[in-house]
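Shown next as structure tokens:
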């Protein structure tokens, strides 16, 4: 497979250049995958080059018929929303965040000037 359907291509082409979350659905409107991006347009455009994707993503794109985007205020906001959605919906192509060990956390230190960072392990910020 080397291309995607016209409807999906149009949706990808019209995606905003904003941070957010995207969801791929199949022909029966079954959720396949949830992802996040700093720039939705750039990230979704990478899916249009199906031949350049890893094999699991190529299989997903063979089934994908629509993509829906949700604009978020920041990359961190998108990251948190993505994790929430994956935990709730458990899409078949989101295997990395299913085992409960690889969820992403946002840590905020308790310093005079708090630092914010992303981690895969809960961190004691004392």
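Residue numbers (this note's numbering): 443 to 568.
No residue lacks a Cβ here, since even glycine has one placed at the ideal position from N, Cα and C.
The structure presented is a predicted model; accordingly, all values stated were derived computationally and were not measured.
| query | result |
| --- | --- |
| Residue 561 - partner residues in DSSP beta bridges | 547 |
| CB of residue 531 within 8 angstroms of CB of residue 476, strictly | yes |
| Proximity below 8 angstroms, CB of residue 478 to CB of residue 524 | yes |
| Pairwise C-alpha distance: residue 474 and residue 539 | A caution first: residue 539 carries a pLDDT of 44, below 50, which makes its placement in the model unreliable, though a value can still be read off. Approximately 14 angstroms between the Cα atoms of the pair. |
| Alpha-carbon to alpha-carbon, residue 557 and residue 456 | 35 angstroms |
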